[in-house]
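Student:
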Amino acid sequence: MSIEKMELVNIAGLTKDLDTVLVKLSDCGCFHIESASKIATKKSGFTTLKEDNPYTPLLKQLSEISIQSGVKFTGTDYDDVKDESLVKLEQYILGVRKKLDGLKAEEKQACEQLSVHEQAMYQVDHLQGLTADFQQIFHCEHIKVRLGRLPVDSFNKLSYYDDKPFFFTHFSEEKEYYWGMYFVPIAYQEEVDDIFDGLYFERTHIPDFVHGDSKEASTELHNMVESDRNQIEECRLKISNLMEKETDKLCRIFSRLKSQHDNFDLRNKAAIVNDKFYIVGFIPHKESEKFLGMFDDLESVSVVLQPADANGKLEPPIKLKNNKFTQPFSMFVEMYGLPSYNGINPTAFVAVTYTLLFGIMFGDLGQGIVLAIAGALLWKFKKFALGPILTRVGISGAFFGLLYGSVFGYEELLDPMYEALGITFLPFKVMHNVTSILVGAIALGVLIMFISILINIVTGIKNKEYEEALFGNNGIAGLVFFGSILVGAVGTLMGAKLFTPVYVILFMILPLIMMFLREPLSYWVRGKKYVMEGGLTDFIASNFFEVFEFLLGYATNTLSFVRIGGFVLSHASMMLVVMALADQVSAAAVPVVVILGNIFVMGIEGLLVGIQTLRLEFYEIFSRFYSGDGKPFTPVKINYDETID
Amino acid sequence: MLRNYNATVAKIMAIYGKRLNQQDYTEMINKQSVADVAEYLKKNTHYSQLLASIDTNTVHRGMLENLLKRSIFETYMRITGFEHISKQEFYNYKIIQTEISEILRCIRYINAKSDKMISDVPIYFNDLTSFDLIGLAKIKSFDELLVFLKKTPYYDVLKKIVPNSDGIADVTKCETLLRTYYISRLRSSLHFKKNDVKQMTALLDTDIDLINLINSYRLTAYFDEPEDVIEKDMLPFSGRLSEAKQKEIYSSPDSEEFIRRFSKTYYGQQMAANGYDINDLEQSAQRLRYKYAKLALKRSSSAPLSVYSFIFLLEIEVQNIISIIEGIRYGVEVNKIASLIIM
Chain A
113 MSIEKMELVN
123 IAGLTKDLDT
133 VLVKLSDCGC
143 FHIESASKIA
153 TKKSGFTTLK
163 EDNPYTPLLK
173 QLSEISIQSG
183 VKFTGTDYDD
193 VKDESLVKLE
203 QYILGVRKKL
213 DGLKAEEKQA
223 CEQLSVHEQA
233 MYQVDHLQGL
243 TADFQQIFHC
253 EHIKVRLGRL
263 PVDSFNKLSY
273 YDDKPFFFTH
283 FSEEKEYYWG
293 MYFVPIAYQE
303 EVDDIFDGLY
313 FERTHIPDFV
323 HGDSKEASTE
333 LHNMVESDRN
343 QIEECRLKIS
353 NLMEKETDKL
363 CRIFSRLKSQ
373 HDNFDLRNKA
383 AIVNDKFYIV
393 GFIPHKESEK
403 FLGMFDDLES
413 VSVVLQPADA
423 NGKLEPPIKL
433 KNNKFTQPFS
443 MFVEMYGLPS
453 YNGINPTAFV
463 AVTYTLLFGI
473 MFGDLGQGIV
483 LAIAGALLWK
493 FKKFALGPIL
503 TRVGISGAFF
513 GLLYGSVFGY
523 EELLDPMYEA
533 LGITFLPFKV
543 MHNVTSILVG
553 AIALGVLIMF
563 ISILINIVTG
573 IKNKEYEEAL
583 FGNNGIAGLV
593 FFGSILVGAV
603 GTLMGAKLFT
613 PVYVILFMIL
623 PLIMMFLREP
633 LSYWVRGKKY
643 VMEGGLTDFI
653 ASNFFEVFEF
663 LLGYATNTLS
673 FVRIGGFVLS
683 HASMMLVVMA
693 LADQVSAAAV
703 PVVVILGNIF
713 VMGIEGLLVG
723 IQTLRLEFYE
733 IFSRFYSGDG
743 KPFTPVKINY
753 DETID
Chain B
-14 MLRNYNATVA
-4 KIMAIYGKRL
6 NQQDYTEMIN
16 KQSVADVAEY
26 LKKNTHYSQL
36 LASIDTNTVH
46 RGMLENLLKR
56 SIFETYMRIT
66 GFEHISKQEF
76 YNYKIIQTEI
86 SEILRCIRYI
96 NAKSDKMISD
106 VPIYFNDLTS
116 FDLIGLAKIK
126 SFDELLVFLK
136 KTPYYDVLKK
146 IVPNSDGIAD
156 VTKCETLLRT
166 YYISRLRSSL
176 HFKKNDVKQM
186 TALLDTDIDL
196 INLINSYRLT
206 AYFDEPEDVI
216 EKDMLPFSGR
226 LSEAKQKEIY
236 SSPDSEEFIR
246 RFSKTYYGQQ
256 MAANGYDIND
266 LEQSAQRLRY
276 KYAKLALKRS
286 SSAPLSVYSF
296 IFLLEIEVQN
306 IISIIEGIRY
316 GVEVNKIASL
326 IIM
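Here you go:
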């Protein structure tokens, strides 16, 4: 699997045709545009267009309509408004806006009125013990009455003012307040008002529209609130009816304006000289023939295709080429970063290793099948991107479950089948082969690391990056060093004495020296002179620690793969616990325990194994050969989003 | 048998975990109005329950401050009621503190011939104090006060004070006497395990030292009082500072020399080590007390130490909020308000 081959496209023509060309480019769906000013500089007489987008104000109006009404505009066919003049469209949009604004103002007014009435209702409801008419209370000749609420702490301080000519009576109480009123002779009004101010009394100003006693006033206010709510509902209904009537047309206008707006924005990417324009970008090689044909009807326009890397100033974008099996795993690769144009597409390698490692760790025939089905359903109904990956790894888990003889935690269920088939080496009982599992995990890890190093060597040589490919820790020197240690260790365990002086010097010390001197050696291979920056001491110190880090890396990365074995065992152990729990309950409860246990283990183990495998991919595998610094291929297209800059 | 009150300590730590942090203070300092600060406290902090029934748009600043102060009382009651430790004499220290501060406030209002004391009286303490707080707020003269306090221990403490011909009593003298009484009573109520007593005494000693240093600084810097007057107005205890050292500081001819001599003491060095501005002695002393209380709460599992430290930290938190509220109310610059926050 590889990276899509690209072509560098140069388009030149008369500026009168610029808009037509841009429409064709966004319609074709395969053109990745670059800013032409990167290569057509001011020095060579080119300029770029800096114009205000004429479609922005109208789109902003539409955006306002959308916000106010809550209706979302989407891209749609706009043939019937294609030829309408902008003035006519503006008149129509402003007409709708005016109607909407009117209704919104009506709604706002009703909401404000509701707020006033609710506030008065809240206050009057707290004065329910008051039976006198509000109007009468406020129009006493010799007495002033203040309604409101007094903090509880202040209420407890009222006895301090026993000698003052007022009294406070309350009708209801809350946690922090007493609701009530105080009476004071007009002659003492100022003094007593000051006292109550000091006690943090909050006055309630009963609006003039409230009549009768508290009960009557409350009923009246409840009716007013109800009426306000009805009025608000009515306004909202009118808005809804208006939008129902206009949304289709507004959507079509929006689509047309957005399309013109986005295409107009692309004009900034073109370089202009006199009355000519110049556009540059990339297309996939397989689209080149169709692409060239698009401009046959434009006489002034010429299109020239070049190899993707023809211009050093423009880095080709990356489009991964994957097959049906590997396609879902491209998500992981994109998450890490895309490869460079001359690099390799690691999706296939990820797909194989991820599926294999997940399957080994999650080995259970029943659970694997359930996971695969769940993945398929998630993709079919929810378009959940992880769905297809779950299907693949589920099948892998089921396969390894078949080898382990494990079905929903029942470890003996498949034994009769293997006996009947006469297969004696299967099933491979996980809990009886702990050492083999752990050693096997390391062996698999070493194999994956070797393959990763080999990939790095091949791509390094291809891209003439000799330092990494020949003398780096992930190059030939590293491979020889790491390989010789492993071969020597395995040989020693098997009785062969491989660590002879010649073996050690040739395969271990020499590669280490090469890694230490990798920078000067790579210069030497390229025939260039190496200049030591920072002096000899600095060179020795930094390279010593780097080589030391390489050595540590080999050890830790190898041991990191032990987790594969660890999770094989943990999966089996967790199911063992579930089965032990099932043994403790009555026969009727066994299915419940087994089902819940399986769901729990599948959830927890599935998540852990998924994350750990991804960790192995990113840290132990990708770090050896992959940098992920490519830029994605993003063909120009109209974005029917309402957000306008 | 002396027992541990680990559940109380655990409860304190749980409440302490909800304290305001730097981000809360920053958010509040940048608010435009007192209502915004109240709204922030109501929506985002452990004060939400306290402010639940408050309309933040209309609440009076004074009431908000009183509510915050009351929250300290409520927390104090919650903690001391949790394992009924309030039955032990020591844990009544907050009530004695309140009684003393209200008596001092009363004397100040008498001296100022003002009758506005009532609005800030912490009425929620009224069921716990040894005298009626409303009755106290009604008192108009020092003699009346003595009669009012006749049946309380404060009578013996204050009876030697003689007001001048205008009826004005020496507040500093009253404060020294009442604080001396408070510390003596607190020290005599430390019936705890040996280690708890040791830690609590150390914390009290620090408080004594810092209170004496602040008071002596005020007397030197603002009143230019001689050494013998200063000495008389100091709490008659010594903590970490020896008597000789205290004398040396009190004899400073001016505030600059005072700061220079103070900077050589243990506390001066601690302030310097923590980067506090030694010239702003009062603020730095408060920061140091805050730091010690925080450390005591963090490192000790002693109930008396935890209660004492935690309530102090809570008081500082409320003081911080009040500084912010008043800063915003009076249009103080954001940086200035921020510099008042003790953390």
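Protein sequences appear in the order of chains A and B.
Read in my numbering, the first sequence has 114 at position 2, and its numbers run on one by one without any break.
Read in my numbering, the second sequence has 31 at position 46, and its numbers run on one by one without any break.
The beta carbon of each residue, even a glycine, is placed where N, CA and C say it ideally should be.
1. Check each candidate in B:ILE57, B:SER115, B:ASP155 and name the one with the smallest Cα separation from LYS136 (chain B).
2. As an exercise, report each continuous alpha helix (DSSP H) stretch of at least 4 residues that is fully enclosed by the stretch 20 to 84 of chain B, in chain order.
3. Going along chain A, which residues have a C-beta under 8 Å from VAL106 (chain B)?
4. Which whole-angstrom value is the C-beta distance of LEU378 (chain A) and LYS743 (chain A), which I expect to be below 8 Å?
5. Run through chain A and tell me which residues come within less than 8 Å of HIS31 (chain B), C-beta to C-beta.
6. Taking just the CA atoms, how far does SER174 (chain B) sit from PRO221 (chain B)?
7. What residues from chain A crowd round TYR109 (chain B), counting only those whose CB sits closer than 7 Å?
8. For THR43 (chain B), go through chain A and note every residue whose CB falls closer than 7 Å to its CB, in chain order.
9. In chain order, what residues of the same chain have a beta carbon less than 6 Å from the beta carbon of ALA152 (chain A), not counting five sequence neighbours either side?
10. Would you say SER38 (chain B) faces chain A, with C-beta separation under 8 Å as the test?
11. Beta-carbon within less than 7 Å of GLU302 (chain B)'s beta-carbon, same chain only, minus the 5 sequence neighbours each way: which residues are those?
12. With three or more beta-carbon pairs closer than 8 Å as the criterion, would you say the stretch 179 to 186 of chain B touches the stretch 199 to 213 of chain B?
13. Mapping DSSP to helix, strand and coil, what is LYS128 (chain A)?
14. Tell me the rounded alpha-carbon separation between SER698 (chain A) and VAL482 (chain A).
15. For THR160 (chain A), write down the residues that DSSP places opposite it in a beta bridge.
16. Among the residues of its own chain, which have a CB less than 8 Å from the CB of PHE493 (chain A), if the five just before and after it don't count?
17. Would you say ILE103 (chain B) reaches chain A, if we count a Cβ-Cβ gap shorter than 8 Å as a contact?
18. Please list, in chain order, all residues of the same chain as ASP237 (chain A) whose beta carbon is under 7 Å from its beta carbon, the five residues on each side excluded.
19. Mind listing the chain A neighbours of GLY47 (chain B)? Cutoff is C-beta to C-beta under 9 Å, in chain order.
20. Is GLN418 (chain A) helix, strand or coil by DSSP?
21. If I measure Cβ to Cβ from MET(-14) (chain B) and keep anything under 6 Å in the same chain, skipping five residues before and after, which residues do I get?
22. By alpha-carbon positions, which one of A:HIS144, A:ILE723, A:VAL570 ends up nearest to PHE403 (chain A)?
23. At a CB distance below 8 Å, what residues from the stretch 280 to 292 of chain A approach chain B? Give them in sequence order.
24. To the nearest whole angstrom, what separates the beta carbons of LEU290 (chain B) and LEU189 (chain B), a pair I think is in contact under 8 Å?
25. Considering just the uninterrupted stretch of the beta strand (DSSP E) at PHE280 (chain A), what are its terminal residues?
26. Is there contact here, the stretch 625 to 634 of chain A with the stretch 575 to 584 of chain A, by at least three beta-carbon pairs under 8 Å?
27. Under the three-state reduction of DSSP, which class applies to MET(-14) (chain B): helix, strand or coil?
28. Name, please, each residue of chain B whose Cβ falls closer than 8 Å to the Cβ of TYR272 (chain A).
29. Tell me the rounded alpha-carbon separation between GLY152 (chain B) and ASP128 (chain B).
30. On the criterion of 16 or more Cβ atoms from any shown chain inside 10 Å, does PHE660 (chain A) qualify as buried, or is it exposed?
31. Can ILE124 (chain B) and ILE95 (chain B) be called in contact, C-beta distance under 8 Å?
32. Out of curiosity, what's the CA-to-CA distance linking VAL322 (chain A) and LEU333 (chain A)?
33. Does any C-beta atom of chain A lie closer than 8 Å to the C-beta of ASN264 (chain B)?
34. Curious, which full-length alpha helix (DSSP H) runs of at least 4 residues does the stretch 457 to 525 of chain A contain?
35. Can you tell me which of A:GLU219, A:LEU239, A:ALA232, A:HIS317 puts its alpha carbon nearest to the alpha carbon of GLU286 (chain A)?
36. Taking Cβ-Cβ distances shorter than 9 Å, what residues in chain A pair up with ASN320 (chain B)?
Tutor: Inspection of the coordinates gives the following:
1. B:SER115
2. 46 to 67
3. Residues of chain A passing the Cβ test: LYS269.
4. That belief does not hold up - the Cβ atoms of LEU378 (chain A) and LYS743 (chain A) are roughly 18 Å apart, past 8 Å.
5. Within 8 Å Cβ-Cβ: nothing; HIS31 (chain B) doesn't reach chain A, min ~17 Å.
6. The alpha-carbon atoms of PRO221 (chain B) and SER174 (chain B) are separated by roughly 18 Å.
7. ASP265
8. Within 7 Å of the CB of THR43 (chain B), the CB atoms of chain A belong to GLU314, in sequence order along the chain.
9. PHE158, ALA383, TYR390.
10. yes
11. ARG4, LEU5
12. no
13. helix
14. In this structure, the straight-line span from the alpha carbon of SER698 (chain A) to that of VAL482 (chain A) is close to 26 Å.
15. BP columns for THR160 (chain A) point to A:ALA383.
16. none
17. yes
18. SER330
19. Simply GLY310, TYR312.
20. strand
21. In this prediction, MET(-14) (chain B) has a pLDDT of 46, which is less than 50 and means its spatial position is unreliable; what the coordinates show is noted afterwards. Excluding positions up to five away in sequence, the list is empty.
22. A:HIS144
23. GLU286, LYS287, GLU288, TYR289
24. Rounded, the Cβ-Cβ distance is 10 Å, inconsistent with contact.
25. 279 to 285
26. Touching, per the Cβ criterion.
27. Reliability of the predicted coordinates at MET(-14) (chain B) is poor, the pLDDT of 46 falling under 50, and the value obtained from them is presented with this limitation in mind. Three-state result, MET(-14) (chain B): coil.
28. ILE103, ILE119, ALA122, LYS123
29. 9 Å
30. Under this definition PHE660 (chain A) is an exposed residue.
31. yes
32. 8 Å
33. no
34. Segments of the alpha helix (DSSP H) lying fully in the stretch 457 to 525 of chain A: 459 to 473, 477 to 494, 499 to 516.
35. A:LEU239
36. Here the premise fails: no neighbours, minimum Cβ distance about 31 Å.
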